[in-house]
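Peer 1: Handing you this structure, nothing more for now.
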Amino acid sequence: PPDLPRWPYPRWIAHRGAGRLAPENTLAAFRYGAALGYRMAECDVKLSADGVPFLLHDATLTRTTRGLSDLAGPAASPVAGDHGWATLAQLDAGSWHSRAYAGEPLPTLANLARYLQANGLLLNIEIKPTPGTEARTGAVVAETAARLWAQAQTPPLLSSFQVEALAAAAAAAPALPRALLLDTLWDGCLERAAALGCVALVCNHALWDAALVARARSLGLRALSYTVNDAWAAQRLLALGTDGIITDRVDLFVPEG
Ligand code: G3P
Ligand code: MG
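Residue numbers (the UniProt record's numbering): 3 to 259.
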């Protein structure tokens with residue numbers, strides 16, 4: 003297989019900051035993961051109605067925030083991307099998890115960039131568009147990330163399940179590294195990742211075997227996995243020679259180095 007360019011990222015990556023140990027995609031979660039030795043984290047990013055990139059996994063606010071009806075009335079749309087940042091900034095994204103995190107706000111990508119760079123930490127930005135906004139989200143997130151990390155030694159790794167979002171990211175910020183996320187192997191997916199200029203595949207960990215690792219390598223693609231929460235699965239992926247493991251279990255796996 004061809005020699006791959008140097009890989010600047012650590013093997014262990016904390017999913018949504020600290021898995022389930024702190025409210026996902028809040029600064030409190032990234033602090034928690036970092037305190038346990040994680041030098042890199044994954045986050046989910048989408049756009050507010052007025053185009054501010056911020057952290058949230060779901061399309062709606064229902065599961066992981068409180069306070070929308072107090073701010074916007076009982077008939078407010080549950081879709082996060084329907085609200086401007088001025089509203090989203092006032093929501094409580096911690097109470098759903100536990101009382102200790104009551105009042106923890108939704109972070110913007112800029113908030114997270116500042117915290118991580120001040121602490122020498124790295125990031126995988128999963129572009130998670132509100133359905134129907136794939137190209138715009140890919141372009142705005144990539145352009146914003148390029149600006150926020152302009153002085154950084156190691157850029158964030160952009161990833162998405164959405165090919166359209168990655169294509170827009172490539173056009174907006176060609177220098178930022180990209181990865182295609184795969185939950186299943188669809189027809190031509192590896193070739194599509196290579197054509198998008200991706201540096202890696204981030205697969206559901208069950209998809210990886212020696213043949214897929216070899217195919218990825220032959221196209222110049224690194225092999226990463228999500229979401230690996232047991233030691234047996236992690237052992238298998240390390241034995242396959244894969245490059246990165248995204249985990250919720252920041253309490254179980256101690257990152258090396
Ligand atoms: O980026 C890897 C992983 O986070 C993808 O799945 O649903 O946890 O965002 P999900
Ligand atoms: Mg994610």
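Where is the CB? At the ideal position from N, CA and C, for every residue including glycine.
Any contact of the stretch 81-94 with the stretch 47-60, i.e. 3+ C-beta pairs under 8 Å?
Peer 2: Touching, per the Cβ criterion.
Peer 1: Roughly how many angstroms separate the alpha carbons of residue 1 and L57, rounded to a whole number?
Peer 2: Since the first residue shown for the chain is 3 and the last is 259, residue 1 is missing from the structure and cannot be characterised.
Peer 1: Would you call the stretch 15-23 and the stretch 238-257 touching, i.e. three or more CB-CB distances under 8 Å?
Peer 2: As far as the Cβ criterion goes, the stretch 15-23 touches the stretch 238-257, which means the pair count is three or higher.
Peer 1: 8 Å is my cut-off, CB to CB: does T186 come that close to chain B?
Peer 2: No chain B is present in this structure, which holds just one protein chain.
Peer 1: Do L38 and R68 come within 8 Å of each other at the CB atom, strictly closer than that value?
Peer 2: Not a contact, by the Cβ cut-off of 8 Å.
Peer 1: Please list, in chain order, all residues of the same chain as V142 whose beta carbon is under 7 Å from its beta carbon, the five residues on each side excluded.
Peer 2: Around V142: L49, G53, P55.
Peer 1: Kindly examine the ligand G3P and report whether one of its heavy atoms sits closer than 7 Å to the Cβ of H207.
Peer 2: False, no ligand heavy atom lies under 7 Å from that Cβ.
Peer 1: Would a C-beta distance cut-off of 8 Å place L159 and N121 closer than the cut-off?
Peer 2: Contact: no.
Peer 1: So S79 is in the beta strand (DSSP E); what residue range does that whole segment cover?
Peer 2: Where S79 is concerned, there is no enclosing beta strand (DSSP E), given that its DSSP letter is neither H nor E.
Peer 1: Quickly, what does DSSP pair A16 with across the bridge? List them, please.
Peer 2: DSSP, once it has assigned bridges, lists A43, T249 as partnering A16.
Peer 1: For R41 and G35, I'd like the C-alpha separation in whole angstroms.
Peer 2: For R41 and G35, the distance between alpha carbons rounds to 8 Å.
Peer 1: Can you list every residue whose CB sits closer than 5 Å to some heavy atom of the ligand MG, going in chain order?
Peer 2: Per the Cβ criterion, the list is D46, E128.
Peer 1: Helix, strand or coil, according to DSSP, for F163 in the structure here?
Peer 2: Of the three classes helix, strand and coil, the one that applies to F163 here is coil, per DSSP.
Peer 1: Might you give, ordered along the chain, the residues of its own chain that have their beta carbon closer than 7 Å to the beta carbon of V81, omitting 5 neighbours on each side?
Peer 2: A61, T62, T132, listed in sequence order.
Peer 1: With a threshold of 7 Å, establish whether the CB of V165 neighbours any heavy atom of the ligand G3P.
Peer 2: No - the ligand G3P has no heavy atom lying nearer than 7 Å to the Cβ of V165.
Peer 1: For the putative contact between R219 and V201, defined by C-beta atoms under 8 Å, what is the C-beta separation to the nearest angstrom?
Peer 2: Rounded, the Cβ-Cβ distance is 12 Å, inconsistent with contact.
Peer 1: Just reading off the beta strand (DSSP E) that C205 is part of, what are its end residues?
Peer 2: Unbroken beta strand (DSSP E) run through C205: 202-206.
Peer 1: Would you report the Cα separation of D185 and L209, rounded to the nearest angstrom?
Peer 2: Each residue's alpha carbon lies about 8 Å from the other.
Peer 1: Just confirm the distance between the C-beta atoms of L198 and A172, as a whole number of angstroms; I'd bet it's less than 8 Å.
Peer 2: Indeed they touch by this definition, with Cβ atoms about 6 Å apart.
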